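In our numbering, the protein residues as written are 35 to 118. By construction, the Cβ of each residue, glycine as well, lies at the ideal position given by its N, Cα and C atoms. These numbers were taken from a predicted model, which means no experiment stands behind them. Reviewing the structure listed below.
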């Protein structure tokens, strides 16, 4: 790889251009990590909202079923009474 040939080692370690590139990559990784943290927070929030919506829909469905059963029972009672 030609790029690796351009890296020169000095008495104190790696060359300055390599250290700059390393710092830039490190900064980009920090930004990516922050973005992923933000996405995880949004995902958790959306998950909580969807669970709340699901529970609300379940409750509404149960209430609707109870009303429907009550109306059906009332209709059966009215239908079984002889006309007056």
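Straight-line spacing of the CA atoms in residue 66 and residue 85 works out to 28 Å.
The beta carbon of residue 78 lies closer than 7 Å to none in the same chain, with the five residues before and after it left out.
DSSP, reduced to helix, strand and coil, places residue 115 outside both helices and strands of the structure shown, so it counts as coil.
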